[in-house]
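Just so you know, the sequences run in chain order E and P.
One gets our numbering by counting positions in the first sequence from 1 and adding 24 to each.
One gets our numbering by counting positions in the second sequence from 1 and adding 4 to each.
Glycine is no exception: its CB is placed at the ideal position from the N, C-alpha and C atoms.
Okay, so here's the structure we're looking at.
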Amino acid sequence: MENYPVDRAGLLRRIQAEDFALYEVALYLDAYPTNKKALAFYKEHKAILEALKAAYMQKYGPLTIYDNTSSTEWQWYRGPWPWEKEAN
Amino acid sequence: MWIYDKKLQYPVKIKNPNANYAKIIISQLGGPDGELAASQRYLHQRYSMPYDKVRGILTDVGTEELAHLEMIAAILYQLTKGLSPEEIKKAGMDIYFVDHTTGLYPVAASGVPFDMKYVGVKGDVIADLNEDLAAEQKARVTYDNILRMVDDPDVRDPIKYLRQRELVHYQRFGDALRIAQDNLDSKNFYAFNPSYDK
């Protein structure tokens, strides 16, 4: 995998880009579920997205309610929340 | 952003379609205390909520309401699946059918279409959280009323589950109100807007 940024905003931007790529191809696959090229694209970018998310969550906390890993604190509620400038 | 999870929160498996039941249960889709109103109320209130814990509660309860909206839709879908025009007419569902067939259009049982007027967003911590506490109780009463009208255990089971969730949400909004009040100035306990009155 390529080198990815380590700062919060940089890492988040890469996650958003990969997430968008994956969602875009998913919409296409809804109509063309056996398209080999699209399926390969999905597989490739899913792996990249998973790696990016793991790196992000280790440093900056959970992305979904099911991603809390700390056994001493529920970190989910901690801001900034996505609608705040500081979160973007 | 949101991700769709391809499962219901709690199973809905109804053997016998029943247009009479669908006619009243549709109020929890598009009625004043229904799940659509609930989801929009909490998910829009969270932007003006200054406390992270309460933002979390509004986000997570609001998201669960979307799952409840889907459960109500599944109940309505199964209750109306395969009904003949005669059965629909006999149940008095013809006045809905003429405009929507058996598509799911959010209306109250009275036929009034969903309206954002059901949703209070005051941008004030105390006003909004008290609105939410009342909303959960009103939804609970609506489920109680549905349970008074519906005998089929296949329908009652998911409705009872949804009723129970209203109680849990009421408890969580009670926590939210306490958290908010802990953050308020004691001199302005009931009339303080942290967004504006520093």
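Mind checking whether residue i and residue j have CB atoms under 8 Å apart?
i, j, result
"residue 3 of chain P", "residue 80 of chain P", "Nothing can be reported for residue 3 of chain P, as the shown portion of chain P is limited to 5 through 202."
"residue 80 of chain E", "residue 35 of chain E", "yes"
"residue 12 of chain P", "residue 78 of chain P", "yes"
"residue 138 of chain P", "residue 170 of chain P", "no"
"residue 133 of chain P", "residue 101 of chain P", "no"
"residue 118 of chain P", "residue 111 of chain P", "yes"
"residue 25 of chain P", "residue 186 of chain P", "no"
"residue 39 of chain E", "residue 67 of chain E", "no"
Between the options, which lies nearest to residue i when the distance is taken from Cα to Cα?
i, options, result
"residue 161 of chain P", "P:17, P:11, P:59", "P:17"
"residue 126 of chain P", "P:147, P:51, P:32", "P:51"
"residue 181 of chain P", "P:82, P:156, P:60, P:168", "P:60"
"residue 112 of chain E", "E:94, E:84, E:100", "E:84"
"residue 6 of chain P", "P:71, P:120, P:41, P:163", "P:71"
"residue 104 of chain P", "P:30, P:164, P:75", "P:30"
"residue 184 of chain P", "P:45, P:131, P:141", "P:131"
Is it buried or exposed for residue i, if we count other Cβ within 10 angstroms and need 16 for buried?
i, result
"residue 114 of chain P", "exposed"
"residue 89 of chain P", "exposed"
"residue 96 of chain P", "exposed"
"residue 69 of chain E", "buried"
"residue 55 of chain E", "exposed"
"residue 51 of chain E", "exposed"
"residue 100 of chain E", "buried"
Please classify residue i: does DSSP put it in a helix, a strand, or coil?
i, result
"residue 111 of chain P", "strand"
"residue 162 of chain P", "helix"
"residue 36 of chain P", "coil"
"residue 86 of chain E", "coil"
"residue 157 of chain P", "helix"
"residue 89 of chain P", "helix"
Please indicate yes or no: does the CB of residue i lie closer than 7 Å to some heavy atom of the ligand GTP?
i, result
"residue 128 of chain P", "With respect to the ligand GTP, the structure shown offers nothing to examine, as it has no ligands at all."
For my contact list, residue i and residue j are in at a C-beta cut-off of 8 Å; report their separation, rounded to the angstrom.
i, j, result
"residue 37 of chain P", "residue 146 of chain P", "5 Å"
"residue 62 of chain E", "residue 49 of chain E", "5 Å"
"residue 84 of chain P", "residue 23 of chain P", "6 Å"
"residue 75 of chain P", "residue 14 of chain P", "6 Å"
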